[in-house]
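First up is the structure itself, then whatever we jot down about it.
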Amino acid sequence: GLPYSDPMMDGPVIQRAGTRALERGVRTGDVFAAVEAVRSTGTPAVVMTYWNLVDRYGVDAFARDLANAGGSGLITPALIPDEAGDWLAASGAHGLDRIFLVSPSSTDARIVSTTQACRGWVYATSVMGVTGTRSASPTAAPELVARIRELSPQTLVGVGLGVSTGDQAADVAGYADAVIVGSAFIKPMLAAEDAGNPDDLSGLRAVLADLAAGVRRVRHDA
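Residues are numbered in the working numbering as their position in the sequence shown, beginning at 1, plus a constant of 217.
Here it is in structure tokens:
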């Protein structure tokens with residue numbers, strides 16, 4: 218994701234990471250370089266960002282440079298399809314997936330229009346509010362995914378906001394096509410840096426192993 222100076226949709230963990238990145242001079246070009254590094258491993262890379270940064274960069278230029286770096290698509294939590302004409306055109310021209318968000322409060326009409334505008338998959342936010350880990354998987358998420366599948370059967374659905382443990386990942390993997398994790402990855406990296414060992418990835422590896430094991434308990438193709 219791109220660090221942003223006014224991250225109102227993010228919780229304290231991602232806000233802290235974003236602040237550190239900005240203080241150290243991380244800019245959009247650095248994120249494209251990271252995308253290129255990820256893609257070189259054979260793994261698809263999707264970027265998440267506040268729309269202001271794309272608009273400031275230039276919508277078509279951003280799509281072009283993301284595609285040239287090997288990016289597969291963009292998650293735009295602050296952009297709704299009704300206001301995304303420029304992005305629909307640019308993402309289509311450069312072959313990028315466009316991932317919009319729906320939430321438990323979305324009307325059926327909004328779910329239909331959003332999934333029609335998506336290419337690749339739709340991001341289902343399992344709880345209302347800012348990003349961050351939660352102690353339990355929200356009960357609204359399965360109902361939201363069921364609504365999406367009833368209204369748009371061909372759309373793949375990823376569920377995010379709050380997943381931090383293997384048990385939560387297993388729960389989500391049981392009804393969604395993808396499990397989205399953010400803050401739980403960043404937390405151990407911040408902790409390692411605070412401890413004076415920024416290269417220590419053991420905490421991150423432990424979180425990854427727990428989440429992966431949870432998904433594999435219910436998804437043998439993972």
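Cβ atoms here follow ideal geometry from the backbone N, Cα and C, with glycine treated the same way.
- Taking each of Glu-253, Glu-360, Ala-284, Leu-418 in turn and checking the Cα distance to Ile-328, the smallest one comes out for Glu-360.
- Counting C-beta pairs with one atom in each stretch, the segment 425-435 and the segment 382-396 have three or more that are closer than 8 Å, which means they touch.
- Under the three-state reduction of DSSP, Tyr-340 is assigned to strand.
- Collapsing the DSSP output to three states places Met-265 in a strand.
- The C-beta distance from Met-265 to Gly-218 rounds to 4 Å, short enough to meet the 8 Å contact threshold.
- Assigned with DSSP and collapsed to three states, Gly-259 falls in coil, not helix or strand.
- In the DSSP assignment, Leu-291 falls outside any alpha helix (DSSP H) and within the unbroken beta strand (DSSP E) covering 288-292.
- In this structure, Pro-298 lies away from Ala-326, with their beta-carbon atoms at least 9 Å apart.
- Rounded to whole angstroms, the gap between the alpha carbons of Trp-268 and Ala-408 is 29 Å.
- Within the segment 289-323, complete alpha helix (DSSP H) segments of at least 4 residues are found at 302-310, given in chain order.
- Taking every protein chain shown into account, the CB of Pro-415 has fewer than 16 other CB atoms within 10 angstroms, so this residue is exposed.
- Counting C-beta atoms within 10 angstroms of its own C-beta, Asp-223 has fewer than 16 neighbours from the protein chains shown and is therefore classed as exposed.
- By the beta-carbon neighbour count (other beta carbons within 10 angstroms, threshold 16), Ser-308 is buried.
- Less than 9 Å divides the Cβ of Ala-341 from the Cβ of Val-319.
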